[in-house]
Amino acid sequence: MARPISILPAATSSRSLHLGFDAQRVIRHLALLVPALFCVSALAQVPRAEVVEDAPPKAIPVDEVAKPTGPDEDLFDYAGLAFSQKEYGMAAQSYGQYLSTYTKGRHIPEVLFRLGECYMNQNKLTEAERYYSEVVNRYPKADIAPSAAYRLAASRYNTGDFKAAATFFNFCELKTLVPRVKLAAAFYKSQAYDQLKEPKKQLEALKSVLAVAKDNEFRERALVSMASLLQREGKNSEAQPILNAIVAESKDPATRADAALKAAVLYSEKKDSEEAIRLFEIALKGAAGAPPELQGAALVGICNEFYIQGKYDAVIDTYNRNASLLPPMDLRPRLLMHVGNSQRSKKNYAQAIDIYDMIERFHAKAELAFEAGYWKLYCFYLLEDKRLPEQVRGFLDHYAETYAKHEFTNTARLLRADYLFNHQVYNLAADAYQEVSIDKLAEKYRPSTLFHKGWSEAEIARHNDAIASLSQLITSYPKEPDIAKALAKRGISYKETKDHAKALADFARIISEFPQNEGVELAYYLSGLIASETGDKKAMIASFESLLAKFPRSSACAEAAFRAGSAYSEQASYDKAVPLLHKAADLDPKNYRDLSYQKLILCHWARKDVEALAKVVDDYRGANSNASLPPNALGFLGLMLFDKKDFTRSARYLTWAATPEAPASTDSRIWNYLGQAQLEAKNYAESVAAIDFYLAAAPDSVAKARGFHTKALALLGKGDTAASQAAAEEGLRIVKEGVAQGQLLIVQGDALFIEGDKLQMEGNHDAAMEKWKAAAGKYLVPSQLLSDDTLTPKALTRAIKALERLGDKAAAEARSEQLKKDYPNYKPEE
């Protein structure tokens, strides 16, 4: 849209005649230099043309002395006086009266012109143009015709009728006798041809202006216009020296700034940033009187150059130092983009978000609003801001339809998906990746997107989808760094879908093709698990032992050791199983101590290794007082130690093997041997408790009689002689002969003997004698009726002692002779 130009003859400074800079050229260049291309409207409007003569020329009288007189002359002079007093309505009325009265008056051309001036001053443009046109059309040779043509040209120029404007400016240039007007008409004619995009005619017009070297106020502007024309024609090498000269020589700050801006653009196009910045600075600082758009364009140009150089601090600083300067509306989004992108490049993401938000809010209709919206999302993403998913949704709601095919629209969806993936919200991430058109992403983003998509799908058990996504990655991008992980994840999905062959193939490929990759650890582990599930013990052991050897610090080592150790134990390879099970317990006691020790107990039990079994049991109980131990293994251990006469340890393990709260659930033999072991260990109360459980379960038999014997001895150990005799009596009720009977009689004799000693100590000799006598009777039965290498000499020894207490030396000596004769090697108990 052309800006109106004044056609009034009011005096104006030379600065108001300034052409202005080539805004479109500058904008086009600045747009090309930034990362995202965009279109903007004209920065500056059509330059303003001013009438240059102070007053319209007057006809020169033929004879000043003999000036014509008459009513027509008087009316004309009266109208002129009103016009000079700016009484334009009165003047127009008088000039109109002249036209109607003196149709052939000698002042008709000038009157028509003055009527046009009157109406122009009253802002009645249509009426003014009608009178100017009459002058040009009816009186083209009149002295006033060039001025009328100039005014018509300016008026048509204002309304955008540049073709008519050029015609009238040309008329004026050809007809006027005033050099200054001729130059002005030629110059503005060149500008009209510029608007009409007729460079050849524009060039000819400019040449006619530049042909006048002296007293040419339009020369500099014509040079600037010539340079702009050459730029548009691609003749930058010809335009450059012209602009440089204007910058160096011009005394007009606005013209110098205009030329500096154009020259800066050329240097920028040649990638001479330093010179471009210098000239942009001149344009920025020396543009007084020039359109404010020029300063704004210069500011954008400076920031653009700094941005291209990667001098992001300089971009931000320049912008902040010129905060009060508002660039042209169409360039403000671009300037803000430079600043926002610089803040983003400096990792000042919050500040960048503020700038991008300004673009979206205040320049919503600019194409850069979309770009700013995307980079704002990107900053939210880098900040890991929890608002990102919501921001992406708002962005897509606003822009997705208009920019459906733009890569940023698709990448915005990717930002949301990646955010959800990074925060392990895999269910939402998987759905978000479904919205991303992977084939429309930039090539560099496709592999990672496929990887994350497949990973998310695998995590939420959409294994078939995961296999498809990861297979696309593996097939299309075999050299991507995440291929090993992708194989591992796909292998897991194959495993979950029970396609074990493909899963193992993926894991084998990781091991063979990526031996240094961290995925190898997982490959060994999962291969071992699959082998375990399919019952391939050999393969399972091989995988887990490889894992242990190559990744000794793996978090899976405990499980690998346990599984391999368990497999070896099932194969009875106990030497290999034991160290692996110990390793599992040591590495992860929380999860594998109980399981491993239970298997270790079984291993040592199977090997009949009493000491190793005892150590494992002790270690396990030491680590866990509530450890669950196999009763059979404990019983075996207790019995073996009993046979070795290690009664204290035997009693410990037999105690652990027994269940006092449910005694019937424990093998009665455990109770029997536990009672005996506790007796030998002198734990009499514990012995009685254990043997009672045995006696409650055992049927009448010699074995049960021996159980009563154990009980009698334990009671005797406790000092309860009466209960001891009663227990022995219970046993004697079952057996009437043999060794068991002899043992029971001996323990009864021992109880009586102890009672006699006690009575003797109390001074009750007679009662003591009775007890000793009864004891001797108990001992004499087995000593005379049995022939047992252990029991018979024991009974004889006890009988001799009792007879001696009774004072029956003869009988005592007779029994002593029998002992020496029949059992010469017998050594009495301590």
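In my numbering, the protein residues as written are 745 to 1574. Glycine included, every Cβ here is placed at the ideal spot set by N, Cα and C. Please read all numbers here as calculations on a predicted model, not as lab measurements.
Residue i to residue j span [Cα, whole Å]
| i | j | result |
| --- | --- | --- |
| Tyr1143 | Glu1201 | 28 Å |
| Asp905 | Tyr932 | 13 Å |
| Leu1038 | Leu1069 | 11 Å |
| Gln1562 | Pro1568 | 9 Å |
| Phe765 | Asp1226 | With a pLDDT of only 37 at Phe765, under the threshold of 50, the placement of this residue in the model should not be trusted, and no figure is reported. |
| Glu1355 | Glu1289 | 28 Å |
| Asp959 | Glu854 | 29 Å |
| Lys1448 | Thr1536 | 22 Å |
| Trp1516 | Ala1539 | 14 Å |
| Gln946 | Gln841 | 43 Å |
| Tyr1100 | Tyr1268 | 50 Å |
| Glu1104 | Val880 | 53 Å |
| Glu1257 | Arg1206 | 27 Å |
| Val925 | Arg900 | 18 Å |
| Glu1013 | Asn1048 | 12 Å |
| Phe1380 | Asp1362 | 15 Å |
| Ala1003 | Ser952 | 20 Å |
| Ala892 | Ser877 | 7 Å |
| Ile1285 | Ala1210 | 29 Å |
| Asn980 | Leu974 | 6 Å |
| Gly1463 | Leu1324 | 51 Å |
| Ala1558 | Phe1437 | 43 Å |
| Lys919 | Ala889 | 8 Å |
| Asn728 | Glu1514 | Coverage of the chain is limited to positions 745 through 1574, which leaves residue 728 absent and any answer about it impossible. |
| Lys1055 | Leu987 | 27 Å |
| Pro1375 | Ala1367 | 18 Å |
CB of residue i within 7 Å of CB of residue j, strictly
| i | j | result |
| --- | --- | --- |
| Gly1040 | Leu1075 | yes |
| Leu1248 | Ala1230 | no |
| Tyr1122 | His1082 | no |
| Ser1369 | Lys1343 | no |
| Ser1431 | Leu1423 | yes |
| Ala1543 | Ala1511 | no |
| Ser1287 | Ser1271 | yes |
| Ala1472 | Ala1484 | no |
| Ser1086 | Val1059 | yes |
| His1107 | Pro1077 | yes |
| Leu1158 | Val1180 | yes |
| Tyr1147 | Phe1124 | no |
| Ala1377 | Ser1394 | no |
| Lys1197 | Tyr1177 | yes |
| Leu1185 | Leu1172 | no |
| Ser1340 | Phe1306 | yes |
| Glu1428 | Leu1398 | According to the sequence as given, residue 1428 is Tyr; it is not Glu. No, they are not a contact pair. |
| Ala1042 | Ala1027 | yes |
| Phe1497 | Gly1475 | no |
| Ala930 | Ala949 | yes |
Buried or exposed by the 16-neighbour rule on C-beta atoms within 10 Å, applied to residue i
| i | result |
| --- | --- |
| Phe1391 | buried |
| Met745 | The predicted position of Met745 is uncertain, since its pLDDT is 30 and thus under 50; a value taken from the coordinates is nonetheless stated next. The residue in question, Met745, is exposed, as its Cβ has fewer than 16 Cβ neighbours within 10 Å. |
| Asn902 | buried |
| Gly1382 | buried |
| Glu954 | Correcting the residue type first, residue 954 is Leu in the shown sequence and not Glu. Buried: at least 16 other Cβ atoms inside 10 Å. |
| Gln1135 | buried |
| Leu921 | exposed |
| Glu1573 | exposed |
| Gln829 | exposed |
| Met1505 | exposed |
| Arg1131 | exposed |
| Lys1282 | exposed |
| Ala1546 | buried |
| Asp1533 | exposed |
| Gln1315 | exposed |
| Lys1242 | exposed |
| Ile751 | Only weak support exists for where Ile751 lies, its pLDDT of 36 falling under 50; the value from the coordinates is given anyway. When all chains shown are included, Ile751 counts as buried. |
| Ser1372 | exposed |
* To do: Jot down the residue ranges of each uninterrupted alpha helix (DSSP H) in the segment 1433-1512, minimum 4 residues, whole runs only, in chain order.
  => 1446-1462, 1465-1478 and 1482-1505
* Minimum length 4: unbroken alpha helix (DSSP H) runs contained in the segment 995-1075 -> 997-1013, 1017-1029, 1036-1052 and 1056-1065
* Asked: For the segment 1340-1373, which segments carrying the alpha helix (DSSP H) assignment without a break, of at least 4 residues, lie completely within its bounds, in sequence order?
  -> For the segment 1340-1373, whole alpha helix (DSSP H) runs of length 4 or above, ordered along the chain, are 1354-1367.
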